[in-house]
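**Q** The listed protein sequences derive, respectively, from chains F and G.
So the first sequence is numbered by the working numbering: it starts at 429 and just counts up by one.
So the second sequence is numbered by the working numbering: it starts at -2 and just counts up by one.
Backbone N, C-alpha and C define an ideal beta-carbon position, used for all residues, glycine too.
This is the structure, below, for whatever I ask next.
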Amino acid sequence: MVWSKHDYDDIPGTYVFDGKHAHDSYAINKLLFSFCEEANRAEFDADPAAYCDKFGVQGKFKEFILKQDFLGMLRAGANIYYMAKMAIPRGTSVQDCGARMQGITTPEFQAKLLKNREGLEERLAKREGYWNG
Amino acid sequence: MAKIIGGVTSSHIPAVGNAIANNLQQEPYWKRFFDGYKPAQEWLQKHKPDLAIVVYNDHGLNFFLDKVPTFALGCADTYENADEGWALKPVSPFTGDAQFSWHIAEKLVEQEFDICTCQEMKVDHGFVNPIRALYGTHDVWPIKAIPLAVNVVQHPVPTAARCLKLGRALRKAVESYPEDMKVVIMGTGGMSHQLQGERAGLINVDFDLETMDRVASDPEWFANFSNAEIMRIAGTEGIETIMWLVMRGALQDNVKVVHKHYHAPISNTGAGVLVLENTFL
């Protein structure tokens, strides 16, 4: 048994959510998905360890959940959208997660986003037909 | 007969819903992003489509990872929004058109698009936020809306080329519906962004701008990229932009570009609004 290789495997700093990730992290994603229900969020908050046991979330995955270690969860294969269901209500934005993944602060992450759009107005003007207010 | 009047693209990022709910559209951070929707809103007001087919992806509200359909069509009378885990108040339910949906389902399957049909389908921010950005928030929505969900979350996801072909099949399906109605196709998601990994924060403005122009004038250019290439250039979550090709494929070959608006960053994303009109109308 072997996981197939993909053209995207060598994209740096990137964890494509594919069958391998989905398979290995199924239980933790199922737990995270359950947070769509308010009653489940309350049940988790009352006893996080028992809630992990209920979903069969064990070992390092359980540690990541109990520590709210979003970086660990991501690297272990948790899906970013499912992880957001745990992070966002607890005050950790997707930008906070993105910053932590590369060891920078959230303001530094936001500065990186802004740098990506440097000269946007000039670039839009070079092309025809873009709305400009 | 039913007619497709055109297509509109929109990002569907969650923060847009929050900004609308908190009435932040004219705040400095949001102003340019939302102002760029006005010509699209005016175009919709002018042409008054009866129904929108909203091409979007579910982010873990209706579908869990136990079953992941590649393409799924809502075939219900209504579609409800619900809590995605963030404890936000859901918006009002959307009215669909079950007879129309089942016609579309039959005609897509006849053309060998073996889609998943859904008689219950909760719609998340991916569906809701483009409608809110284009129409505002309503207790009773001013347009019928049907969800067409594309899996762009768990790979393997369909190719860009497949999305374009689905759009072409969708055009035939809509145009063979016997009732007179005006349909608009919304292609949502994107543009370039990556939320995860050490590469999070990637936005590729030049690729986004080229994509916007080519989606209008030469969709095959975008359809020829592999998913690995798109993720490499435009980020893992940038792959959402392939859903725009479903919209584009449903239009005539030569369309009128009514409106083109790009802004970045909004949240983590490059955001594009295109309004493409079928000129045979």
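(1) Determine which residues share a DSSP beta bridge with F/SER462 and list them.
(2) Which term fits G/ALA12, buried or exposed, when burial requires 16 or more other beta carbons within 10 angstroms of its beta carbon?
(3) How big is the Cα-Cα spacing for G/PRO144 and G/ASN126?
(4) Give the C-beta separation of G/PHE124 and G/TYR34 to the nearest angstrom, bearing in mind that I take them to be a contact with Cβ-Cβ under 8 angstroms.
(5) Report the rounded CA-to-CA distance for F/GLU494 versus G/ASP121, giving the unit in angstroms.
(6) One question on the structure: do G/PRO25 and F/LEU542 come within less than 8 angstroms of each other, judged by their Cβ atoms?
(7) According to DSSP, simplified to helix, strand and coil, what is G/ASN275?
(8) Per the contact definition of three or more C-beta pairs closer than 8 angstroms, is the region 223 to 242 of chain G in contact with the region 184 to 198 of chain G?
(9) Under DSSP, the alpha helix (DSSP H) around G/MET209 begins and ends at which residues?
(10) Answer with buried or exposed for F/PRO440, where buried requires no fewer than 16 other C-beta atoms within 10 angstroms of its C-beta.
(11) Where does F/LYS433 fall in DSSP's three states?
(12) Rounded to whole angstroms, what is the Cα-Cα separation between G/GLU117 and G/ASN148?
(13) Since G/ALA(-1) sits in a beta bridge, which residues does DSSP pair it with?
(14) Which residues of the region 252 to 265 of chain G have a Cβ closer than 7 angstroms to any Cβ of chain F? Give them in chain order.
(15) Out of G/THR266, G/VAL150, G/HIS100 and G/ASP55, which one is the CA nearest neighbour of G/TYR169?
(16) Rounded to whole angstroms, what's the CA-CA distance from F/GLY484 to F/GLU471? Just pull it up for me.
(17) Using a beta-carbon distance cut-off of less than 8 angstroms, what residues from the region 481 to 504 of chain F approach chain G?
(18) Would you mind reading off the limits of the alpha helix (DSSP H) that contains G/PRO139?
(19) For F/ASP452 and F/SER462, what's the separation of their Cα atoms in angstroms?
(20) Verify the CB distance criterion: does F/GLY519 have a CB-CB separation below 8 angstroms to chain G?
(21) Check whether the Cβ of G/PRO36 lies closer than 7 angstroms to any heavy atom of the ligand ATP, and answer yes or no.
(22) Can you name, in chain order, every residue of its own chain whose Cβ lies under 6 angstroms from the Cβ of F/LEU459, other than the five neighbours on each side?
(23) Rounded to the nearest angstrom, what separates G/ASP280 and G/VAL272 at their Cα positions?
(24) Which residue spans inside the region 88 to 123 of chain G form an unbroken beta strand (DSSP E) run of at least 3?
(25) Roughly how many angstroms lie between the CA atoms of G/LEU199 and G/GLN191, to the nearest whole one?
(26) Are any of the Cβ atoms in chain F nearer than 8 angstroms to that of G/GLY235?
(27) CA-CA distance, G/TYR174 and G/SER98?
(28) Within 10 angstroms of its Cβ, does G/PRO153 collect 16 or more other Cβ (buried), or is it exposed?
(29) Kindly confirm or deny that the region 215 to 233 of chain G and the region 524 to 544 of chain F touch, where touching means at least three C-beta pairs closer than 8 angstroms.
(30) So if I threshold CB-CB distances at 8 angstroms, which residues from the region 68 to 91 of chain G count as touching chain F?
(31) Residues of chain G with a CB under 8 angstroms from the CB of F/LYS463: which are they?
(32) Could you tell me which residues DSSP puts in a beta bridge with F/TYR510?
(33) Around the Cβ of G/PHE110, are there at least 16 other Cβ atoms within 10 angstroms (buried) or fewer (exposed)?
(34) Identify the residues that DSSP records as bridge partners of G/PHE68: which are they?
(35) G/ILE182 and G/ILE50 look like a contact to me (Cβ under 8 angstroms); what is the Cβ gap, rounded to whole Å?
(36) Going straight from the alpha carbon of G/ILE251 to that of F/ALA506, what length do you get?
**A** According to the data block:
(1) Here the question's residue 462 of chain F lines up with position 34 in the first sequence. Its beta-bridge partners do not exist; DSSP assigns none.
(2) Position 15 of the second sequence, counted from the start, is the residue given in the question as residue 12 of chain G. Buried is the call here.
(3) By 1-based counting over the second sequence, the position of residue 144 of chain G is 147. By 1-based counting over the second sequence, the position of residue 126 of chain G is 129. Approximately 13 angstroms, taken between the alpha carbons.
(4) What you label residue 124 of chain G is simply residue 127 of the second sequence in a count that begins at 1. What you label residue 34 of chain G is simply residue 37 of the second sequence in a count that begins at 1. In fact, because the Cβ distance is near 17 angstroms, the residues do not count as touching under 8 angstroms.
(5) Sequence index remark: in the first sequence, residue 494 of chain F carries index 66 (1-based). Sequence index remark: in the second sequence, residue 121 of chain G carries index 124 (1-based). It is worth fixing the name first, because residue 494 of chain F is Leu in this sequence and not Glu. Cα to Cα, F/LEU494 sits roughly 27 angstroms from G/ASP121.
(6) The residue given as residue 25 of chain G occupies position 28 in the second sequence. The residue given as residue 542 of chain F occupies position 114 in the first sequence. Taking 8 angstroms as the Cβ cut-off, G/PRO25 and F/LEU542 do not qualify as a contacting pair.
(7) Position 278 of the second sequence, counting from 1, holds the residue named residue 275 of chain G. If DSSP states are grouped into helix, strand and coil, G/ASN275 belongs with the strands.
(8) yes
(9) One-based indexing of the second sequence puts residue 209 of chain G at position 212. Per DSSP, G/MET209 belongs to the alpha helix (DSSP H) from 202 to 214.
(10) Position 12 of the first sequence, counted from the first residue, corresponds to residue 440 of chain F. Flag for F/PRO440 reads exposed.
(11) Your numbering for residue 433 of chain F matches position 5 in the first sequence. Three-state DSSP puts F/LYS433 in coil, outside helix and strand.
(12) Position 120 of the second sequence, counted from the start, is the residue given in the question as residue 117 of chain G. Position 151 of the second sequence, counted from the start, is the residue given in the question as residue 148 of chain G. One C-alpha to the other measures close to 17 angstroms.
(13) Numbered from 1 along the second sequence, position 2 holds the residue referred to as residue -1 of chain G. Paired residues: G/MET178.
(14) VAL254, HIS256, LYS257, HIS258, TYR259, ALA261, PRO262 and ASN265
(15) Position 172 of the second sequence, counted from the first residue, corresponds to residue 169 of chain G. Position check: residue 169 of chain G holds Lys in this sequence, whereas Tyr was assumed. The option with the nearest alpha carbon to G/LYS169 is G/HIS100.
(16) Against the first sequence, residue 484 of chain F aligns to sequence position 56. Against the first sequence, residue 471 of chain F aligns to sequence position 43. F/GLY484 and F/GLU471: Cα-Cα distance of roughly 15 angstroms.
(17) LEU502
(18) As a first step, residue 139 of chain G must be located in the second sequence, where it is residue number 142. It is not in any alpha helix (DSSP H) - G/PRO139 carries neither H nor E in the DSSP assignment.
(19) Numbered from 1 along the first sequence, position 24 holds the residue referred to as residue 452 of chain F. Numbered from 1 along the first sequence, position 34 holds the residue referred to as residue 462 of chain F. In a straight line, the C-alpha of F/ASP452 is about 18 angstroms away from that of F/SER462.
(20) Mapped onto the first sequence, residue 519 of chain F falls at position 91. False, the Cβ-Cβ gap to chain G never drops below 8 angstroms.
(21) In the structure on display, the ligand ATP does not appear, and there are no ligands present to speak of.
(22) Working through the first sequence from its first residue, we reach residue 459 of chain F at position 31. Hits under 6 angstroms: PHE483 and VAL485.
(23) Here chain G covers residues -2 to 278 and nothing more, so residue 280 of chain G does not appear.
(24) 113 to 115
(25) For the purposes of this step, residue 199 of chain G is taken as residue 202 along the second sequence, with counting starting at 1. For the purposes of this step, residue 191 of chain G is taken as residue 194 along the second sequence, with counting starting at 1. So the alpha carbons of these two residues sit roughly 6 angstroms apart.
(26) Against the second sequence, residue 235 of chain G aligns to sequence position 238. False, the Cβ-Cβ gap to chain F never drops below 8 angstroms.
(27) Taking the first residue of the second sequence as position 1, residue 174 of chain G is located at position 177. Taking the first residue of the second sequence as position 1, residue 98 of chain G is located at position 101. When rounded, the distance between both Cα atoms is 10 angstroms.
(28) Taking the first residue of the second sequence as 1, we reach residue 153 of chain G at position 156. With fewer than 16 other Cβ atoms within 10 Å, it is exposed.
(29) no
(30) ALA79, ASP80, GLU81, GLY82, TRP83 and ALA84
(31) Along the first sequence, read from residue 1 onward, the residue named residue 463 of chain F stands at position 35. Checking the sequence, you will find Phe at residue 463 of chain F rather than Lys. GLY82, listed in chain order.
(32) Against the first sequence, residue 510 of chain F aligns to sequence position 82. Paired residues: none, contrary to the question.
(33) The count along the second sequence starts at 1 and reaches residue 110 of chain G at position 113. Result: buried.
(34) Walking along the second sequence from the start, residue 68 of chain G turns up at place 71. Paired residue(s): G/VAL147.
(35) Walking along the second sequence from the start, residue 182 of chain G turns up at place 185. Walking along the second sequence from the start, residue 50 of chain G turns up at place 53. Between G/ILE50 and G/ILE182 the Cβ distance is about 5 angstroms, and since that is below 8 angstroms, they are a contact.
(36) Locating residue 251 of chain G in the second sequence gives position 254, where the first residue counts as 1. Locating residue 506 of chain F in the first sequence gives position 78, where the first residue counts as 1. Sequence inspection shows Asn at residue 251 of chain G; the Ile mentioned does not correspond to that position. G/ASN251 and F/ALA506: Cα-Cα distance of roughly 42 angstroms.
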